[in-house]
Amino acid sequence: MAVESHQTVTIREVNKSLLAILSTFFGIGIAIATWYFSANNNRLDKFANVQNEMNLKIEKFSITTELTDLKVTKLENRADAFMSKMSAFDKELSESKMILNNHDQLLKKHENQIKELEKR
């Protein structure tokens, strides 16, 4: 007849085994969570980098637009100054033409007077 050996398992041994199994699952869960959050952070970092690049491009465009506006304003100011100088020059030119016409009239008058005197 065969001898049957009965092993008795205590609650303490069962608890140790369960604790080891639970600890293993907990460790695996922590590892998976760490990997998941790391992967998510990498994706978020890539997204943030793309967003930062877009913000830099927008800021560069904004600065370029402001510089262009300043150049246009400067050119407009120069054009206004040129137009005011040209207007002043035109005014002086018309005054000079008037004076020249007056001198021409006086010269003709004097020439006519000289001719009259020479005829006498």
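The opening position of the sequence shown corresponds to residue 0 in numbering that gives the first Met the number 0, with each subsequent residue numbered one higher. Where is the CB? At the ideal position from N, CA and C, for every residue including glycine. Bear in mind the structure is a predicted one, so any value in this text is a computation, not a measurement.
Euclidean distance between Cα positions of N39 and T72: Position 40 of the sequence shown holds residue 39. Position 73 of the sequence shown holds residue 72. Each residue's Cα considered, the two are about 49 angstroms apart.
R77 in three-state terms, based on DSSP: Position 78 of the sequence shown, counted from the first residue, corresponds to residue 77. R77 falls in the helix class under three-state DSSP.
Coil, strand or helix - R11 by DSSP: The count along the sequence shown starts at 1 and reaches residue 11 at position 12. Helix, per DSSP.
Rounded straight-line distance, which links the Cα of Q112 to that of M97: To locate residue 97, count along the sequence shown from 1; it is residue 98. To locate residue 112, count along the sequence shown from 1; it is residue 113. One C-alpha to the other measures close to 22 angstroms.
Any non-hydrogen atom of the ligand NAP within 7 angstroms of T67 CB: In the structure shown, the ligand NAP is absent, as is every other ligand, since no ligand is present at all.
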